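Here's the structure we're looking at; comments come further down.
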Amino acid sequence: MKVKVLSRNPDDYIRETTKDIHRVPRNYDPSLHPFEVPREYTRALNATKLERVFAKPFVASLDGHRDGINCMAKHTRSLSTLLSGACDGEVGDDKIIKHWSMEGQLNGAQEEPLNSILGKTVYTGIDHHWSDGIFATCSQQVDIWDEHRSSPIRSFSWGADSITSVKFNPSEVNSALR
């Protein structure tokens with residue numbers, strides 16, 4: 001009678017320390033992986049679908065900012081009016097509000113901001129009035145602005161705390177919430 005013995009070397013599968021990564025035994029022989037080609041086809045098809053999904057909703061880009069946009073507000077009744085605020089990553093240049101008209105960008109034209117306002121503090125929130133051409137910004141104070149002016153109409157401050165969000169009340173049109 002013949003006896004066959006299975007033996008393993010513990011160095012092949014036991015970690016030296018608890019911080020070592022577990023070894024995963026793999027065999028890259030194509031005959032052992034019969035579904036490799038269909039799997040690769042499915043991955044390529046999904047990647048193509050994702051490209052189409054991500055491409056569809058893109059309408060326009062706001063090229064007036066050099067870095068990411070922090071806050072954004074749109075006019076509630078005019079789809080082509082948009083306000084944006086960003087931290088452009090440069091000292092002294094991160095307090096800018098830009099007023100955009102989106103009509104040209106929808107037609108494919110490169111659009112510049114209608115108005116740029118350099119503020120005194122970094123803005124953390126912005127909102128447009130529901131019917132009038134005014135908007136509110138907040139930071140260490142709340143400022144109420146006219147779309148056609150470069151200085152605030154009115155400013156409100158409450159001590160040393162900063163305000164993180166501002167919204168116009170849709171039912172009480174002359175009041176803003178924080």
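At position 4 of the sequence shown (counting the first as 1) the number is 4 in the UniProt record's numbering, and the numbers step up by one without a gap.
Every residue gets a Cβ at the ideal spot worked out from N, C-alpha and C, and that includes glycine.
These numbers come from a predicted model, not from an experiment.
If you ignore the 5 residues before and after Phe156, its C-beta comes within less than 7 Å of the C-beta of Gln141 and Val142, all in its own chain and listed in chain order. Judged by their CB atoms, Cys138 and Ser165 are nearer to each other than the 8 Å cut-off. With 16 or more other CB atoms across the displayed protein chains lying within 10 angstroms of its CB, Ile126 is buried. Looking only at Lys98, Asp20 and Asn169, the smallest Cα-Cα distance to Asp132 is reached by Asn169.
As computed with DSSP, Thr42 is found in no beta bridge at all. Residues of the same chain with a CB within less than 6 Å of the CB of His75, apart from the 5 flanking positions on each side, are Thr81 and His128 in chain order.
The alpha-carbon of Trp158 is positioned some 60 Å away from that of Glu40. Contiguous beta strand (DSSP E) elements confined to the segment 92–165 occur at 96–101, 115–118, 125–128, 134–138, 142–146 and 154–156, taking only those with 3 or more residues. Around the beta carbon of Ile96, a 10 Å sphere encloses 16 or more other beta carbons of the protein chains shown; the residue is thus reported as buried.
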